[in-house]
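Student: First residue of the sequence shown: 3, per my numbering; consecutive thereafter. Here a beta-carbon is modelled for each residue, glycine too, at the ideal position from N, C-alpha and C.
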Amino acid sequence: MSALVALDESFGWRRHAAGAATLWFKGHLDAIDPERLAADAASWWIAPSAEAFGDWAASLDGHFALVVERPDWIGLAVDRVRSIPLFIARSGERIALGADAPALAERLGLEAIDADAALAIAMAGYTVGRDVLVRGIEALLPGEVVVVASDGPRPHRYAAYRPWRILDRGDERLRDGLVGAIDEAIDRLVAGTRGRTIAVPLSAGLDSRLVASALRHRGIRDVRLFAYGLSDNHEARASRAIAERLGYPWTFVPVTRAAQRDLFASERHRAYLRFADSLTAVPFRQDMLAIETLTGTGWMPRDAVIVNGNSGDFISGNHIVPSLRAPPPGPDANARRRRLLEALLDKHFALWRALATPDNRARMARRIEVAWSDLGAELGDPGADHGLFEAIEFQDRQAKYVIAGQRIYEFLGLDWRLPLWDRALLGFWESAPLSAKAGQRLWRETLAALDWGGVWRPMDWPRPLAPAWVRPLRLAARGIAAPLGRERWHAIDRHLFGPLTDVLANAAVVPYGCAVLDRRGARHAVAWFAEDYLADKGLGFDGTPAVNP
């Protein structure tokens, strides 16, 4: 069985040679450098077990992907959140390994589409569990290694996020543990970026505010904050107020529908989409225009490190839906499982209302059940049911779609860090109880009590609807729709005005008229992103082969 490593020194990948070993590395590590890792790899003369290779990967702190290449074996590893993906493609006796899934498929002539993976991308924007859009390709999951030797690939999961395993602790110990985890994560951020400019995309939310205020609390000076989106949007107003209180330089990048439309139609954006294509999720598009603008004007140095708040919102419990914020009403295991599946499908598999059919939902439910089985997830304490919900979102939506937003920075030649996905915070939140996570209770209370930078006291800022010209139209429409009831008005509001008031202008991916006249029920811009992505693969919006007119 022959195996080929298909990597080159581009987009952050670097080759390090040590004796008969070659280490391919991308990312950053704490307290160790890639040259040392290459030397470690050279000490393994025979293929290690997958478990031993996993233990080695587990000892590393940071966000990374690596490939160890020796004459008789190859080892692959990704970090605990799969911040940088790796793939294995197989066709008969041939194996190709690398970071570019479509290129691996082309190299081995793999073309068959996985129907369930295509449907998942259509419904959610990402695949479920181990599913990859093209058959014959496997993506390493978060916290996974693979050793490829003469007997074929041997995978091992050295770390997995299993938040149904709760430790019983009182509030005081929980708060102390959370503060300790935050301190550890921020300390690693400061140590790993010393001497470099840190650029933080700052919103009105808790997470980017924590990053910025923690840096101020530690006296870090070379920090720049920025916001972007429609002019006069409330997120930008809040961002500016926070920056002023922290005393850090701040700027705003106005983003219009026209500018986003031009970007989405440009060749450089198409090149980005090709680079970011993992065959497991729609490429993340959110802040490319803003970053290009800031680097182009020189406001953001080319050696700056971008640090966003991704994704304290999820990990601290804010994505636990209301139906799961209390233990189930009864002990029946089947009812509990149905409750979890319905919550996942309603929350994450609803990009298109037209695709939320009983048959499609059943197909996705079966894939989720398989993913739970791979994780070893079982219903135990009813108070931990939410953990099964979070485990699936972490492994699929967060790792494949949200965290993959770092590809934008890499494509533009910038470095990044993810302190809120630090090992210490992962470990803390994995074992935190529902009472601490529901409504982000512990997160909010702890950050308010710390009040780093003085930006956690009540801060009032206007919340005007942007753009301003939409306001009178929306007010008139609301008056006309008043007799229809609140629920009907909200549906009309989302349909007519949602594309126009999307703060990030991502809805510009489709002409406004098309969005309004479409009757398939797009939930938001990601639905259109998914349709574009699948169309590029020759598939319809529902993931089935497109029919040429």
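If I measure Cβ to Cβ from A126 and keep anything under 6 Å in the same chain, skipping five residues before and after, which residues do I get?
Tutor: Around A126: H350, F351.
Student: Our contact map puts C159 next to E146 with C-beta atoms below 8 Å; I'd like the distance itself, whole angstroms only.
Tutor: Rather than Cys, the amino acid found at residue 159 in this sequence is Arg. Right, the Cβ-Cβ distance comes to about 5 Å (below 8 Å), so this counts as a contact.
Student: Throw me the rounded Cβ distance for the I115 and V134 pair, which I believe falls under 8 Å.
Tutor: That belief does not hold up - the Cβ atoms of I115 and V134 are roughly 10 Å apart, past 8 Å.
Student: Mark D334 as exposed unless 16 or more other C-beta atoms lie within 10 angstroms of its C-beta, in which case mark it buried.
Tutor: Per the 10 Å Cβ criterion, exposed.
Student: Taking just the CA atoms, how far does L204 sit from W454?
Tutor: Roughly 15 Å between the two C-alpha positions.
Student: Quick check: what's the CA-CA separation for D10 versus R92?
Tutor: Whole-angstrom Cα-Cα distance: 20 Å.
Student: Which value, in whole angstroms, describes the spacing of the CA atoms of P551 and A537?
Tutor: Its pLDDT being 46, under 50, P551 is placed unreliably in this model, and the value from its coordinates should be taken loosely. For P551 and A537, the distance between alpha carbons rounds to 14 Å.
Student: What separation, rounded to the nearest whole angstrom, lies between the Cα atoms of W47 and G182?
Tutor: Computed Cα separation, rounded: 40 Å.
Student: Excluding the five sequence neighbours on either side, which residues of its own chain have a C-beta within less than 6 Å of the C-beta of D417, listed in chain order?
Tutor: The residues are V307.
Student: What distance in whole Å lies between the Cβ atoms of S313 and Q400, which are believed to be in contact at a cut-off of 8 Å?
Tutor: Indeed, because the Cβ distance is near 6 Å, the residues count as touching under 8 Å.
Student: Please check the pair A122 and M366, which I expect to be a contact at CB under 8 Å, by giving their CB distance rounded to whole angstroms.
Tutor: Their Cβ separation, rounded to whole angstroms, is 6 Å, which keeps A122 and M366 in contact under 8 Å.
Student: For I90 and L99, what's the separation of their Cα atoms in angstroms?
Tutor: Taking the straight line joining both Cα atoms gives about 5 Å.
Student: With a floor of 3 residues, list each beta strand (DSSP E) that falls wholly inside the stretch 143 to 169, ordered by position along the chain.
Tutor: The qualifying runs are 146 to 151, 154 to 159.
Student: Taking L449 as the reference, give the member of I86, D178, L212, F277 with the closest Cα.
Tutor: Residue L212 is the option with its Cα nearest to L449.
Student: Roughly how many whole angstroms lie between the Cα atoms of A345 and D209?
Tutor: Whole-angstrom Cα-Cα distance: 25 Å.
Student: Provide the residue(s) that pair with W252 in DSSP beta bridges, ordered along the chain.
Tutor: Note: W252 sits in a beta bridge opposite L227.
Student: If you run the structure through DSSP and keep just helix, strand and coil, what is W354?
Tutor: Residue state, collapsed to three classes: strand.
Student: Rounded to a whole number of angstroms, what is the C-alpha to C-alpha distance between A524 and L353?
Tutor: If you take the alpha carbons of A524 and L353, they lie about 6 Å apart.
Student: Flag this pair as yes or no: are the beta carbons of W423 and I394 separated by less than 9 Å?
Tutor: Contact: no.
Student: Less than 8 Å between the CB atoms is what I'm expecting for I222 and I244, so what's the real figure, rounded?
Tutor: So it is not a contact: roughly 16 Å between Cβ atoms.
Student: Just list the residues that DSSP pairs D417 with in beta bridges.
Tutor: Answer by DSSP bridge pairing, in chain order: V307.
Student: In the DSSP assignment, find the beta strand (DSSP E) that holds G29 and state where it starts and stops.
Tutor: Note, G29: beta strand (DSSP E), 23 to 31.
Student: Can you name the residues that DSSP bridges to A20?
Tutor: For A20, which the question treats as bridged, DSSP gives the partners A23.
Student: Rounded to whole angstroms, how far is the Cβ of V257 from the Cβ of L227, which I believe are closer than 8 Å?
Tutor: Contact doesn't hold; Cβ gap of about 17 Å is too wide.
Student: For H581, which option in D348, R476, R419 has the closest C-alpha, if you only look at C-alpha atoms?
Tutor: Nothing can be reported for residue 581, as the shown portion of the chain is limited to 3 through 551.
Student: Who are the Cβ neighbours of L414 in its own chain at under 8 Å, not counting the five residues just before and after it?
Tutor: M290, I293, E294, T297.
Student: Since I2 contacts G29 with CB under 8 Å, what's their CB separation in whole angstroms?
Tutor: Outside the displayed span of the chain (3 to 551) sits residue 2, for which this structure offers no information.
Student: Hey, Y403 and F286: beta-carbon distance below 9 Å or not?
Tutor: Result yes, Cβ atoms of Y403 and F286 sit closer than 9 Å.
Student: Identify, in the order they occur along the chain, each residue of the same chain with its Cβ nearer than 7 Å to the Cβ of A261, setting aside the five sequence neighbours on each side.
Tutor: Correct list, in chain order: L291.
Student: Are the beta-carbon atoms of I317 and L427 separated by less than 9 Å?
Tutor: Yes.
Student: Along the beta strand (DSSP E) that carries V69, what are the first and last residues, could you check?
Tutor: Here the beta strand (DSSP E) through V69 covers 64 to 71.
Student: By DSSP's criteria, Y128 is part of a beta bridge. Which residues make up the other side?
Tutor: According to DSSP, which records beta bridges pairwise, Y128 is partnered with A283.
Student: Restricting to Cα atoms, I'd like to know which of E380, I405, R272, P469 is closest to H65.
Tutor: The shortest C-alpha separation from H65 is found at I405.
Student: Going by beta carbon distance, what residues of the same chain come within less than 6 Å of R84, once the five residues before and after it are set aside?
Tutor: Cβ within range, chain order: P144, A401.
Student: If you draw a straight line from the C-alpha of A468 to the C-alpha of F499, how long is it?
Tutor: Whole-angstrom Cα-Cα distance: 10 Å.
Student: Hey, how far is the Cα of A44 from the Cα of L68?
Tutor: If you take the alpha carbons of A44 and L68, they lie about 14 Å apart.
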